[in-house]
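Visitor: Just so we're aligned: the sequence shown equals residues 1 to 517 in full-length UniProt numbering.
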Amino acid sequence: MLNLSVFLEDSARSYPDRDAIVFGDTRLTYAQVDGAANQVANALVERGIQPGDKVALSCPNLPYFSIVYYGILKAGGTVVPLNVLLKGREVAYHLADSEAKAYLCFEGTAELPIGQAGHEGFGQTDGCEHFLMITADPSAESPIEGTETLGAAMAAQPPTFETVATDEDDTAVILYTSGTTGQPKGAELRHRNMHSNALTGADLFGADADNPDTYLCVLPLFHSFGQTVIQNSGFAYGGTVVMLPRFEAEPALKLMMSEKVTFFAGVPTMYWGLLGALDDTVDVKLLAKTLRVAVAGGAALPVEVHKSFQERFGVTILEGYGLSETSPVASFSKWGEDVRVGSIGVPIPGVEMKLIQDDWSEVEDGPDAVGEIAIKGPNIMKGYYNRPDATDESIRDGWFRSGDLGRRDEDGWYYIVDRSKDMIIRGGFNVYPREIEEVLMSHEDVSLAAVIGVPHESHGEEIKAVVIRNEGASVTEDELVAWGKEQMAGYKYPRVVEFVDDLPMTATGKILKRELS
1 MLNLSVFLED SARSYPDRDA IVFGDTRLTY AQVDGAANQV ANALVERGIQ
51 PGDKVALSCP NLPYFSIVYY GILKAGGTVV PLNVLLKGRE VAYHLADSEA
101 KAYLCFEGTA ELPIGQAGHE GFGQTDGCEH FLMITADPSA ESPIEGTETL
151 GAAMAAQPPT FETVATDEDD TAVILYTSGT TGQPKGAELR HRNMHSNALT
201 GADLFGADAD NPDTYLCVLP LFHSFGQTVI QNSGFAYGGT VVMLPRFEAE
251 PALKLMMSEK VTFFAGVPTM YWGLLGALDD TVDVKLLAKT LRVAVAGGAA
301 LPVEVHKSFQ ERFGVTILEG YGLSETSPVA SFSKWGEDVR VGSIGVPIPG
351 VEMKLIQDDW SEVEDGPDAV GEIAIKGPNI MKGYYNRPDA TDESIRDGWF
401 RSGDLGRRDE DGWYYIVDRS KDMIIRGGFN VYPREIEEVL MSHEDVSLAA
451 VIGVPHESHG EEIKAVVIRN EGASVTEDEL VAWGKEQMAG YKYPRVVEFV
501 DDLPMTATGK ILKRELS
């Protein structure tokens with residue numbers, strides 16, 4: 001039997017008075033976080049949540065994310081974390097597709113009305129029975145009249161709970177990802193997938209419960225990178241997680257100094273931002289003295305950023321690779337060993353990787369050999385929720401095909417060459433062109449659209465739409481961008497639109513995106 005909440009519970013027993021979460025002036029001990037998670041579990045059970053039920057969560061990097069996350073697990077439920085940038089119709093899709101029984105949603109802000117979008121999506125979903133608004137002030141009323149708050153629900157519950165004994169193969173988390181076609185699909189991750197990946201990652205980076213790390217949490221916790229490498233690994237070893245809801249370089253640097261952060265994980269644009277924000281107010285010597293580990297993932301790290309960070313901070317950034325379907329870590333450079341700039345490292349302990357061709361046959365070794373990266377190990381998902389065909393396409397004999405093309409050097413270090421999928425990575429977020437194209441083509445003036453990624457200095461890639469307008473249509477670039485912003489999450493909508501009379505195509509009618517720029 002195994003329940004992922006053991007990370008919180010074990011540390012609460014061993015280090016009850018140690019700081020688990022720091023957010024602004026709020027400092028919560030492990031005992032306090034565990035007690036609050038127990039209240040959430042009690043509240044869910046009182047509302048009829050059964051073991052195996054799906055419970056969705058929309059919350060930025062706030063203490064409530066971890067409290068609710070572990071509370072759902074304690075109740076035997078499956079956590080369905082949602083991107084906080086989703087619009088109402090997107091929330092509705094995820095709630096329905098995951099068959100969520102309950103939905104806990106942060107109220108948000110005027111700039112990011114998460115609660116409004118969440119409640120709108122909940123209202124469009126028949127199967128989701130319970131909606132709880134998470135308010136910044138737990139004693140405050142919900143900003144949406146008639147909705148119950150999590151604070152009120154917790155206040156009526158005791159801080160003790162007997163955790164449901166789940167099986168290691170039960171689904172702990174469903175993380176939504178996508179392919180180049182169709183809607184996002186949910187990767188089912190078992191308790192053992194997430195548990196082993198968090199422990200293996202922590203061991204790789206030299207975690208020590210007697211000398212715990214202080215983690216700066218700027219990666220969104222609704223994403224697998226932040227969940228596993230920061231939250232779960234940190235809690236497993238009694239570390240302190242310092243939360244920052246939104247990455248901004250100057251506040252991040254201030255927190256790194258004031259909290260003496262020892263562990264930083266981010267996407268390349270975050271490292272680029274930190275270097276650009278260094279000024280006379282930043283004590284680089286202090287940062288270089290306290291920062292122990294820096295890891296990067298989500299996109300390729302530019303060589304110049306890698307070199308500059310090492311020169312200024314005295315720490316070598318360790319690059320890794322993984323996907324939501326792999327819990328997420330599959331490979332990493334090894335802490336304490338020389339890294340190879342540009343490499344995603346070697347498979348982590350217990351994990352195998354190989355290069356395959358379209359027919360799943362292995363690519364023969366050679367200095368120029370390139371193939372699709374396939375991964376096998378305890379980190380591989382159970383499958384895509386309610387999508388057996390998609391699961392069968394991506395997993396065979398325990399091997400998961402990533403869709404990413406790579407090569408391997410003579411020492412077994414892997415390098416990403418290209419993506420066989422059309423996926424765009426904007427600021428660390430995966431964006432899938434087909435989904436965006438379908439939304440764009442729902443506009444009355446749009447006849448056909450092709451979405452591609454174009455280079456961008458800070459985001460890595462920007463989203464560009466190449467559009468054929470309907471005859472007589474007059475929609476402008478600014479108008480279509482503004483419309484897309486209303487229809488899609490902030491990281492998805494195209495910022496650049498080019499109107500054309502036709503698109504390059506193959507004889508079978510497939511758009512030749514490689515000819516677009």
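Ideal placement from N, C-alpha and C gives every residue a C-beta, glycine not left out. Quantities reported herein were computed from a predicted structural model and do not represent experimental measurements.
With distances taken from CA atoms, which of I452, A37, D501, N470 is nearest D445?
Guide: Along the sequence shown, one-based indexing puts residue 445 at 445. Here the closest residue by C-alpha is N470.
Visitor: Using only the heavy atoms of the ligand NAP, determine whether one of them is closer than 7 Å to the beta carbon of G484.
Guide: No copy of the ligand NAP appears in this structure; indeed no ligand is present at all.
Visitor: In whole angstroms, what is the alpha-carbon distance linking E46 and I436?
Guide: For the purposes of this step, residue 46 is taken as residue 46 along the sequence shown, with counting starting at 1. For the purposes of this step, residue 436 is taken as residue 436 along the sequence shown, with counting starting at 1. Their Cα atoms are separated by approximately 40 Å.
Visitor: Taking the C-alpha atoms as reference points, what is the distance between residue 585 and A299?
Guide: Here the chain covers residues 1 to 517 and nothing more, so residue 585 does not appear.
Visitor: Under 8 Å by Cβ, that's how I've got V329 and G336 pegged, so tell me the actual separation to the nearest angstrom.
Guide: In the sequence shown, residue 329 corresponds to position 329, counting from 1. In the sequence shown, residue 336 corresponds to position 336, counting from 1. The pair is not a contact, with the Cβ atoms about 17 Å apart (cut-off 8 Å).
Visitor: If distances are taken between C-alpha atoms only, which option among G266, G118, Y176 comes closest to T109?
Guide: The count along the sequence shown starts at 1 and reaches residue 109 at position 109. Comparing Cα-Cα distances from T109 to each of G266, G118, Y176, the minimum goes to G118.
Visitor: Can you check which of these residues, I134, T240, V417, F400, is closest to R408 by C-alpha distance?
Guide: On the sequence shown, residue 408 is found 408 positions in, with the first residue counted as 1. For R408, the nearest C-alpha among the options comes from V417.
Visitor: Can you tell me where the alpha helix (DSSP H) with Y70 in it begins and where it stops?
Guide: Here residue 70 refers to the residue found at position 70 when the sequence shown is read from its first residue. 63–74 is the span of the alpha helix (DSSP H), which, as asked, contains Y70.
Visitor: Would you mind listing the beta strand (DSSP E) stretches within the region 289–370 that are 3+ residues and don't spill past its ends, in chain order?
Guide: 293–296, 317–322, 329–332, 352–356
Visitor: Pull up the DSSP beta-bridge partners for N430, would you.
Guide: Residue numbering aside, residue 430 sits at position 430 when the sequence shown is read from its first letter. Answer is I425.
Visitor: I'd like to know if D409 contacts chain E, where contact means its C-beta is closer than 8 Å to some C-beta of that chain.
Guide: No chain E appears in the structure shown, which is made up of a single protein chain.
Visitor: If you follow the beta strand (DSSP E) that V466 is part of, which residue opens it and which one closes it?
Guide: Here residue 466 refers to the residue found at position 466 of the sequence shown. Unbroken beta strand (DSSP E) run through V466: 460–469.
Visitor: Would residue 577 and R340 be called neighbours here (beta carbons separated by less than 8 Å)?
Guide: Residue 577 lies beyond the residue range present for the chain, which begins at 1 and ends at 517; the question has no answer from this structure.
Visitor: Determine the DSSP secondary structure at H191, reduced to helix, strand or coil.
Guide: Within the sequence shown, the letter at position 191 stands for residue 191. It is helical.
Visitor: Alpha carbon to alpha carbon, what distance is there between Y493 and L474?
Guide: As a position in the sequence shown, residue 474 is number 474, starting the count at 1. As a position in the sequence shown, residue 493 is number 493, starting the count at 1. A quick correction: the sequence has Ser, not Leu, at residue 474. Those two C-alpha atoms are separated by around 20 Å.
Visitor: Of all the options N379, G320, V303, which has the alpha carbon lying nearest to the alpha carbon of S327?
Guide: Within the sequence shown, residue 327 is the residue found at index 327, counting from 1. Among N379, G320, V303, the Cα nearest to that of S327 belongs to N379.
Visitor: Assign L512 to one of two classes, buried (16 or more other C-beta atoms within 10 Å of its C-beta) or exposed (fewer than that).
Guide: Reading the sequence shown from its first residue, position 512 is the one you call residue 512. Looking at its Cβ environment, which holds fewer than 16 other Cβ atoms inside 10 Å, L512 is exposed.
Visitor: By Cβ distance below 6 Å, which residues in the same chain neighbour F263 in space, the five residues on each side in sequence not counted?
Guide: Within the sequence shown, residue 263 is the residue found at index 263, counting from 1. Excluding positions up to five away in sequence, the list reads D213, Y215, V293.
Visitor: When you compare the region 224–244 with the region 19–35, are there three or more beta-carbon pairs, one atom per stretch, that lie closer than 8 Å?
Guide: yes
Visitor: Using 10 angstroms around the beta-carbon of L286, count the other beta-carbons present and answer buried if the total reaches 16, otherwise exposed.
Guide: Translated into positions along the sequence shown, residue 286 becomes position 286. It is exposed - the Cβ of L286 has fewer than 16 other Cβ atoms within 10 Å.
Visitor: What is the residue span of the alpha helix (DSSP H) that G234 lies within?
Guide: Against the sequence shown, residue 234 aligns to sequence position 234. Its alpha helix (DSSP H) spans residues 233–236.
Visitor: Rounding to the nearest angstrom, what Cα-Cα distance links P504 and L448 in this structure?
Guide: Residue numbering aside, residue 504 sits at position 504 when the sequence shown is read from its first letter. Residue numbering aside, residue 448 sits at position 448 when the sequence shown is read from its first letter. Their Cα atoms are separated by approximately 12 Å.
Visitor: I'd like to check one pair, L44 with G71: are the Cβ atoms closer than 8 Å?
Guide: Here residue 71 is taken as the residue at index 71 of the sequence shown, counted from 1. Here residue 44 is taken as the residue at index 44 of the sequence shown, counted from 1. Yes. Within cutoff.
Visitor: Tell me where the beta strand (DSSP E) around M133 begins and ends.
Guide: The residue you call residue 133 lines up with position 133 of the sequence shown. Start and end: 130–134.
Visitor: If you run the structure through DSSP and keep just helix, strand and coil, what is M488?
Guide: Your numbering for residue 488 matches position 488 in the sequence shown. Note: M488 maps to coil in three-state DSSP.
Visitor: Whole angstroms is fine: what's the gap from M1's alpha carbon to N42's?
Guide: On the sequence shown, position 1 is the one that residue 1 refers to. On the sequence shown, position 42 is the one that residue 42 refers to. Each residue's alpha carbon lies about 21 Å from the other.
Visitor: For the region 192–202 against the region 150–165, do three or more pairs of beta-carbon atoms, one drawn from each stretch, fall closer than 8 Å, so that the two count as touching?
Guide: no
Visitor: Kindly list the residues whose CB is nearer than 6 Å to the CB of G206, restricted to its own chain and excluding five residues on each side of it in sequence; keep chain order.
Guide: Taking the first residue of the sequence shown as position 1, residue 206 is located at position 206. Hits under 6 Å: W335.
Visitor: Taking the CB atoms as reference points, tell me whether Y15 and G234 lie closer together than 8 Å.
Guide: Here the question's residue 15 lines up with position 15 in the sequence shown. Here the question's residue 234 lines up with position 234 in the sequence shown. No; because the gap between Cβ atoms is not below 8 Å, this pair is not in contact.
Visitor: Leaving aside the five residues before and after G314 along the sequence, list all residues of the same chain whose C-beta is less than 7 Å from its C-beta, in chain order.
Guide: Taking the sequence shown and counting its residues from 1, one reaches residue 314 at position 314. Cβ neighbours of G314 beyond the five flanking positions: A288.
Visitor: Does S474 come out as helix, strand or coil in the three-state DSSP assignment?
Guide: Looking up residue 474 in the sequence shown gives position 474. Note: S474 maps to coil in three-state DSSP.
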